[in-house]
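Trainee: Provided herewith is a single structure, encoded as structure tokens, for subsequent inquiry.
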Amino acid sequence: MELAALRANMETLRQEASEKIERYEAERERLTELTERSREAEERAGEADERGETARLAAARQAATAYKGGELGMVNAWAGPEGPTGMLERGAYLTLLGSHREADVGRAEAARVATDTLAEVAETARTEQAEAVGDARSAREDAVEAVADQEAALEDLLEEQTRLEARLAEVRDAEAAERRREEALRDARAANSPEGSVQDEKDDNDYWHNGEKGGGEGIPVAESADHGCTGGVATAHANGRIPESVLCPLPQPGERLRSDAAEAFIELDGDYREAFGRPMCVADSYRPYHEQVRLFQEMVPGMAARPGTSQHGLGLAVDLCGGVNTLGTAEHRWMLAHAPAHGWHNPPWARGGFEPWHWEFTP
């Protein structure tokens, strides 16, 4: 997916997450409000129930008093010491007591109705609170899921950006490598042309100490940077003692060959890049005399040429890596099939797995 599309999707998810988080906050506030309302309704219902119970007790006491006073029969009333007058007073008292009882009963009924009503309100509040709890939980889950989606999208975005940056770096590296190859090929062709084949013989003396000046083994005076070669006749110099200015740099840093060998190798390297998507791996190319002496002394007999006889010392050989160095690989098979068209060969003595990495140029 393109980076722009990922960013657009990221913005959409961010907005959705923000909306769901706001919904969760609203549901949480609603739940807090309903919880408070439920608590208040429970308290009012409890208070109403207490008032109703008090009213019922008062009515019951009134009834008990009336019943106690009403146990005197008509005869006992007339026969009492107070006579008819006392009976009349008792009747008035009972009438008053009855009216009080009716009032208490009315208050008890009103308290019951109020208690029932407040109980219904409390139950409604509890129901709303339970619904609010569910809504808040659902809103929270939606918000968490939205944030998780946003985090996943961010991770995808970062991965895609990292991949594109890595790809861009590869393209830039490949472009830089191709520019180096083209520059090296241009220099090699220029040095290999008739106009570039004239070389002052004093270059050899400028670059190497001779025996009269104390070197004897051909110790290099200085190393120059990998810039273009000036041309010159490499065959005018001894094996391993070719001035660096006569040798042409390869696209592979630090490697040099004779101009004609360099031109052919760079062209071969271009075909190799098209086939494998990467430049050829070069482990060694031109080898100065003193390095050949060191190898000859360090390697087991037969594994290094005698100093002064190696094709590396003429700038006509390379040791390759990156798969070409292994017999039977796709890279080695490709080289066997395509290198001869550019004048490069794995010599017969090096074949059969002896030195599959060693390749020589035949002008």
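Residue numbering for the sequence shown follows the working numbering, starting at 1171 and increasing by one per position. Beta carbons are placed, not taken as given, at the ideal position from N, Cα and C, and that holds for glycine.
If you measure between the beta carbons of G1410 and Q1462, is that distance less than 8 Å?
Mentor: Yes, the pair counts as a contact, with Cβ atoms nearer than the cut-off.
Trainee: Tell me, to the nearest whole angstrom, how far the beta carbon of A1302 is from that of R1214; I am working on the premise that it is less than 8 Å.
Mentor: The Cβ separation is near 20 Å, so there is no contact.
Trainee: Just the C-alpha distance for A1347 and P1421, rounded to the nearest angstrom, thanks.
Mentor: If you take the alpha carbons of A1347 and P1421, they lie about 7 Å apart.
Trainee: CB of A1431 to nearest heavy atom of the ligand MN: below 7 Å?
Mentor: Judged by which ligands are present, the structure shown has none, so any question about the ligand MN falls away.
Trainee: At what residues does the alpha helix (DSSP H) containing V1463 begin and finish?
Mentor: 1459 to 1468 is the extent of the alpha helix (DSSP H) around V1463.
Trainee: When DSSP labels each residue in this structure, what does W1519 get in the three-state scheme?
Mentor: Note: W1519 maps to helix in three-state DSSP.
Trainee: Are the Cβ atoms of A1318 and L1204 separated by less than 8 Å?
Mentor: No, the Cβ-Cβ distance between A1318 and L1204 is not below 8 Å.
Trainee: On the DSSP letters alone, give me the boundaries of the beta strand (DSSP E) that W1529 sits inside.
Mentor: Where W1529 is concerned, the enclosing beta strand (DSSP E) stretches over 1528 to 1531.
Trainee: Say whether chain B places a C-beta atom closer than 8 Å to the C-beta of R1351.
Mentor: The structure shown contains no chain B; it holds only a single protein chain.
Trainee: Span of the alpha helix (DSSP H) holding L1438?
Mentor: It spans 1429 to 1446 - the alpha helix (DSSP H) in which L1438 sits, taken as one unbroken run.
Trainee: Count the other CB atoms within 10 Å of the CB of T1479; is the residue buried (16 or more) or exposed (fewer)?
Mentor: By the neighbour-count rule (16 or more Cβ atoms within 10 Å), T1479 is not buried but exposed.
Trainee: Please work out which residues of its chain come closer than 7 Å, Cβ to Cβ, to N1495, disregarding the five sequence neighbours upstream and downstream, and give them in chain order.
Mentor: These residues qualify, in order along the chain: P1526, W1527.
Trainee: Under 8 Å Cβ to Cβ from D1312, same chain only, skipping five residues before and after it: list those, please.
Mentor: If we look at D1312 and ignore the five residues flanking it on each side, its Cβ neighbours are K1190, R1193, Y1194.
Trainee: Just list the residues that DSSP pairs P1419 with in beta bridges.
Mentor: BP columns for P1419 point to R1426.
Trainee: Output the boundary residues of the alpha helix (DSSP H) element that contains A1130.
Mentor: Summary: the structure shown does not reach residue 1130, with the chain confined to residues 1171 through 1533, and so no result is reported for it.
Trainee: Taking the Cβ atom as the reference point for each residue, do S1362 and S1429 lie within a distance shorter than 8 Å?
Mentor: One point to set straight first is that residue 1362 is Asn, not Ser, in the sequence displayed. Taking 8 Å as the Cβ cut-off, N1362 and S1429 qualify as a contacting pair.
Trainee: Less than 8 Å separating the beta-carbons of A1306 and R1209?
Mentor: No, they are not a contact pair.
Trainee: DSSP on V1403, reduced to helix/strand/coil?
Mentor: Residue state, collapsed to three classes: coil.
Trainee: Could you say which of A1432, A1445, L1227, G1523 lies nearest to R1351 if we only look at CA atoms?
Mentor: Of the listed residues, the one whose Cα sits closest to R1351 is A1432.
Trainee: Quick one: is T1400 buried, meaning 16 or more other Cβ sit within 10 Å of its Cβ, or exposed?
Mentor: The residue is buried, with at least 16 neighbouring Cβ atoms inside 10 Å.
Trainee: Considering only C-alpha positions, which residue in the set G1522, P1533, A1434, R1359 is nearest to R1503?
Mentor: The candidate whose alpha carbon is nearest that of R1503 is G1522.
Trainee: Taking the alpha-carbon positions, what's the H1407 to R1349 distance?
Mentor: Cα-Cα distance, rounded: 31 Å.
Trainee: With a CB to CB cut of under 6 Å and the five nearest residues on each side skipped, what residues in its chain are close to Q1299?
Mentor: For Q1299, where only same-chain residues beyond five positions count, the Cβ hits under 6 Å are L1204, T1205, S1208.
Trainee: What does the alpha-carbon distance come out to for the pair R1457 and G1483?
Mentor: So the two alpha carbons sit approximately 5 Å from each other.
Trainee: Of the residues D1326, S1308, V1291, R1359, which one's Cα is nearest the Cα of F1435?
Mentor: The candidate whose alpha carbon is nearest that of F1435 is R1359.
Trainee: Determine the extent of the beta strand (DSSP E) in which A1453 is found, giving its start and end residues.
Mentor: Looking at the DSSP string, the run of the beta strand (DSSP E) that includes A1453 is 1451 to 1454.
Trainee: Three-state secondary structure (DSSP) at A1474?
Mentor: Reduced to three states, the DSSP call for A1474 is coil.
Trainee: Are the beta-carbon atoms of A1323 and N1179 separated by less than 8 Å?
Mentor: Result yes, Cβ atoms of A1323 and N1179 sit closer than 8 Å.
Trainee: Considering Cα atoms alone, identify which of P1471, G1492, A1453 is closest to P1423.
Mentor: Here the closest residue by C-alpha is A1453.
Trainee: For L1497, report the span of its beta strand (DSSP E) as first-last.
Mentor: Unbroken run through L1497: none, as it is neither H nor E.
Trainee: Report the option in T1202, D1489, A1211 whose CA atom is closest to the CA atom of C1451.
Mentor: The option with the nearest alpha carbon to C1451 is D1489.
Trainee: Just to confirm my understanding: we take D1449, look at its own chain, exclude 5 residues before and 5 after, and list those with CB closer than 8 Å. What are they?
Mentor: Note that residue 1449 is Pro in the sequence shown here, rather than Asp. Excluding sequence neighbours, P1449 sits near A1347, R1351, P1421, Q1422, D1439, Y1442, R1443.
Trainee: So which of A1511, E1530, A1309 has the shortest CA-CA distance to Q1481?
Mentor: Measuring from the Cα of Q1481, the nearest candidate turns out to be E1530.
Trainee: Does the distance from the CB of E1569 to the CB of A1316 come in under 8 Å?
Mentor: Here the chain covers residues 1171 to 1533 and nothing more, so residue 1569 does not appear.
Trainee: I need the boundaries of the beta strand (DSSP E) containing L1490, first residue and last residue.
Mentor: Residues 1487 to 1491.
Trainee: Which partner residues does W1504 have in the DSSP bridge list?
Mentor: Its beta-bridge partners do not exist; DSSP assigns none.
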